[in-house]
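Numbered according to full-length UniProt numbering, the sequence shown spans residues 1 to 306.
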Amino acid sequence: MSDYSSDDFEGFYLDDSSDNDFIDKIQNGYDDRYDNEENTDANGDTKLYRWGIDITQFEKEIANYTSHISKKEEFRLYRSPKVRELRKQMDRVYTRSTILFSLDIEAWEKDINRITEIGISIYDPRRQEVSLTPYIKTIHIRIAEHKHLRNGKYVPDHAEDFIGEDSIVLLEKKAIALLRRLINHFFCPFYSSRCILVGHDLRGDLQWLNKLGIEIRHDALQLDTQAVFAYTHGQNGASLSNALRAIKQPYALLHNAGNDAYYTLLLAFRLCDPNVRLLTKFDEKAVGRPLLPTVHAIFHHLTWSG
């Protein structure tokens, strides 16, 4: 874990006069300063995309799969209007045409007004459209003033168990400023590539952003993995761990904001991939015990609805 004073981030994360070094680094090296509608460089003759991607191949796969699962009784979405919503999200994610910005915010279980962690995970498909293992940049921020506040009664205490690179410790003011800067950057209406906000139970994350004074465009694209999961498996028991387990995605050390943001992004990939859904038999009706809500899911619902 890296402990930084507020001075360490002046001119690096937050100074508007800088070259946005940090933001540049999290975009997998892609430089969009010379981008245009033809995706050519400044000379107009070199493709910025490393491989030419025929987006129609993905669109056909999506159309064929969603049509298939809506016409046969053995599938959960048989004659369901939710097929249309699923296809919309698949079109955004599976076509590799959208940046995914996954967010998770953790609070102290004894006082949810005190933020303890912020997790951000970003997938930028440009120059890795056909990558077998795409590069994902994940950031885990711990709030300096609240490091001593530990969970453990209602949810596991995994604040120190980030599976990525070093966690960053920031004063709450600086952490909020960094999050605001990233959101303003990726969701700017003039940004060269569209971006979608991803979360599991996104309503709670949006409420947090509003509470922190961070504005996000009202027309920003959104993908709530809990809602997409519920299309087929229902809202009851639609926790992150249950969803990951149902679609056969291994995971570890949830309830760490960085890990949760990362695994939520992986869940979005799998939910929006017709091949994964087919191979895991995710859409087939199953006979067995229903999914049950986790203690954390119940606690999370009560805190936001109470």
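All C-beta atoms in this analysis are idealised placements derived from N, C-alpha and C, irrespective of residue type, glycine included. From a predicted model like this one, the values you see are computed outputs, not experimental measurements.
Excluding the 5 residues flanking it on each side, LEU202 has same chain C-beta neighbours closer than 7 Å at GLN222, ASP224, in chain order. Annotation for ALA175: ILE118, ILE141, ILE143 place their beta carbon closer than 7 Å to its own, counting only its chain and skipping 5 residues before and after. If you draw a straight line from the Cα of VAL83 to the Cα of GLY234, it comes to about 14 Å. With a cut-off of 8 Å on Cβ pairs, the segment 98–111 is not in contact with the segment 69–78, counting fewer than three such pairs. Per the C-alpha coordinates, the member of ILE247, LEU278, ASP205 positioned closest to LEU266 is ILE247. Setting aside the 5 residues that flank it on each side, ARG180 is surrounded in the same chain by ILE214, each with a C-beta closer than 7 Å to its C-beta; the list follows chain order.
The C-alpha of ARG92 lies about 13 Å from the C-alpha of GLU129.
If you check the CB distance, PHE101 and LEU197 come in under 8 Å. The beta carbons of GLN249 and ALA238 sit no closer together than 8 Å.
A direct Cα-Cα distance of roughly 26 Å separates ILE105 from GLU85.
The three-state reading of DSSP puts LYS174 in helix, counting H, G and I together.
The Cβ atoms of ALA261 and LEU103 sit closer than 8 Å to each other. A straight-line Cα-Cα distance of about 31 Å links TYR231 and GLY164.
According to the DSSP assignment, THR98 belongs to no beta strand (DSSP E), since it is labelled neither H nor E. Short of 7 Å from the beta carbon of ILE62, and not among the five residues preceding or following it, lie these beta carbons of its own chain, in chain order: ARG87, MET90, ASP91, TYR94, PRO274. By DSSP's assignment, TRP108 forms a beta bridge with ASP111.
Around the C-beta of LEU271, 16 or more other C-beta atoms lie within 10 Å, and the residue is accordingly described as buried.
In the structure shown, THR116 falls within a strand segment according to DSSP collapsed to helix, strand and coil. For the segment 115–151, there is no continuous alpha helix (DSSP H) assignment of 4+ residues that stays within its boundaries. The bridge partners DSSP lists for LEU254 come to none. Under a 10 Å Cβ-count criterion, ALA286 is classified as exposed, with fewer than 16 other Cβ atoms of the shown protein chains found around its own Cβ.
Residue pairing by DSSP places GLN222 opposite LEU197 in a beta bridge. DSSP, read as helix, strand or coil, puts GLU284 in strand. Spatial neighbours of SER193 in its own chain (CB-CB distance under 6 Å, excluding positions within 5 residues in sequence) are listed in chain order as ILE99.
In chain order, ILE163, ASN259 place their CB closer than 8 Å to the CB of ALA252, counting only its own chain and leaving out the 5 sequence neighbours on each side. Within the DSSP bridge table, the entry for PHE269 names no partner.
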